[in-house]
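J.: Quick one: the structure is below, questions incoming.
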Amino acid sequence: MEVREVDWRVVLPLRWEVLRPGRPVEAAHFAGDAAPTTLHLAAFVEEEVVGVASFYEEAFPWEGIRGYAYRLRGMATAPAYQRRAGIGTRLLRAAWPLLQARGVEVVWCYARIAAVPFYAKNGFLRYVPAGVIEIPDVGPHEVWYYPLAKGAERIGV
Ligand SMILES: CC(C)(COP(=O)(O)OP(=O)(O)OC[C@H]1O[C@@H](n2cnc3c(N)ncnc32)[C@H](O)[C@@H]1OP(=O)(O)O)[C@@H](O)C(=O)NCCC(=O)NCCS
Numbered sequence: 008m009e010v011r012e013v014d015w016r017v018v019l020p021l022r023w024e025v026l027r028p029g030r031p032v033e034a035a036h037f038a039g040d041a042a043p044t045t046l047h048l049a050a051f052v053e054e055e056v057v058g059v060a061s062f063y064e065e066a067f068p069w070e071g072i073r074g075y076a077y078r079l080r081g082m083a084t085a086p087a088y089q090r091r092a093g094i095g096t097r098l099l100r101a102a103w104p105l106l107q108a109r110g111v112e113v114v115w116c117y118a119r120i121a122a123v124p125f126y127a128k129n130g131f132l133r134y135v136p137a138g139v140i141e142i143p144d145v146g147p148h149e150v151w152y153y154p155l156a157k158g159a160e161r162i163g164v
């Protein structure tokens, strides 16, 4: 398995299949997908895309967490590979040095409740003050963040 930086069109099919099944493809397009600041990663087994993750320049929207922030979205592993091959973990580990090289200090996301153990296992911290947020058509989420830089303030753990 190999992780590569890719164009947003490469991540779209798997993102659509795993995260927006049964919805129009437009539901899988996220604002900023084509922005030059956005980082898209895909995990390949031979030439098949088996995992995707995208990182967008977007400030942390609550108080207490400071620093240059990116938001993680579209985190998905192909169903046949989920929790089998460490693909989600490999994608995050590949992203960290690339984002650090851009000066990113904190990465945050809306984590589906079912995926919370994945983020916790990968060193993310819960931003407790946000509580549980219902995202229409997607479900309940919590806010989790990963401090990439020392000194990114940690509260709400
Ligand atoms: C969540 C997701 C991206 C994780 O990717 P993955 O490749 O399956 O994860 P990994 O193999 O790297 O998992 C590493 C560890 O995270 C934890 N973990 C991952 N997914 C989990 C889940 N659904 N429930 C509980 N723990 C989970 C486990 O501890 C796992 O290690 P283990 O299987 O040895 O116990 C993937 O399962 C997925 O696409 N799920 C459906 C879509 C989704 O919920 N995406 C996140 C939206 S916020």
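Numbering (the numbering used here), first residue to last: 8 to 164.
Beta carbons are placed, not taken as given, at the ideal position from N, Cα and C, and that holds for glycine.
From a predicted model like this one, the values you see are computed outputs, not experimental measurements.
For the alpha helix (DSSP H) that Ala24 lies in, which residues bound it at each end?
T.: By 1-based counting over the sequence shown, the position of residue 24 is 17. According to the sequence as given, residue 24 is Glu; it is not Ala. Looking at the DSSP string, the run of the alpha helix (DSSP H) that includes Glu24 is 15-26.
J.: Taking 7 angstroms as the threshold (C-beta atoms), are Ala122 and Leu48 in contact?
T.: By one-based count along the sequence shown, residue 48 stands at place 41. By one-based count along the sequence shown, residue 122 stands at place 115. Taking 7 angstroms as the cut-off, the beta carbon of Leu48 is found no closer than this to the beta carbon of Ala122.
J.: Among the residues of its own chain, which have a CB less than 8 angstroms from the CB of Glu141, if the five just before and after it don't count?
T.: As a working mapping, residue 141 is identified with position 134 in the sequence shown. Here the set comprises Pro147, His148.
J.: Just the C-alpha distance for Met8 and Val145, rounded to the nearest angstrom, thanks.
T.: Sequence index remark: in the sequence shown, residue 8 carries index 1 (1-based). Sequence index remark: in the sequence shown, residue 145 carries index 138 (1-based). When the Cα atoms are used, Met8 and Val145 turn out to be separated by approximately 29 angstroms.
J.: When the distance is taken between beta carbons, is Ala83 closer than 7 angstroms to Val13?
T.: Position 6 of the sequence shown, counting from 1, holds the residue named residue 13. Position 76 of the sequence shown, counting from 1, holds the residue named residue 83. For Val13 and Ala83, no; Cβs fall outside 7 angstroms.
J.: Give me the Cα-Cα distance between Leu21 and Val57, rounded to the nearest whole angstrom.
T.: Counted from its first residue, the sequence shown places residue 21 at position 14. Counted from its first residue, the sequence shown places residue 57 at position 50. Their Cα atoms are separated by approximately 8 angstroms.
J.: Using 10 angstroms around the beta-carbon of Glu112, count the other beta-carbons present and answer buried if the total reaches 16, otherwise exposed.
T.: Position 105 of the sequence shown, counted from the first residue, corresponds to residue 112. So Glu112 ends up on the buried side.
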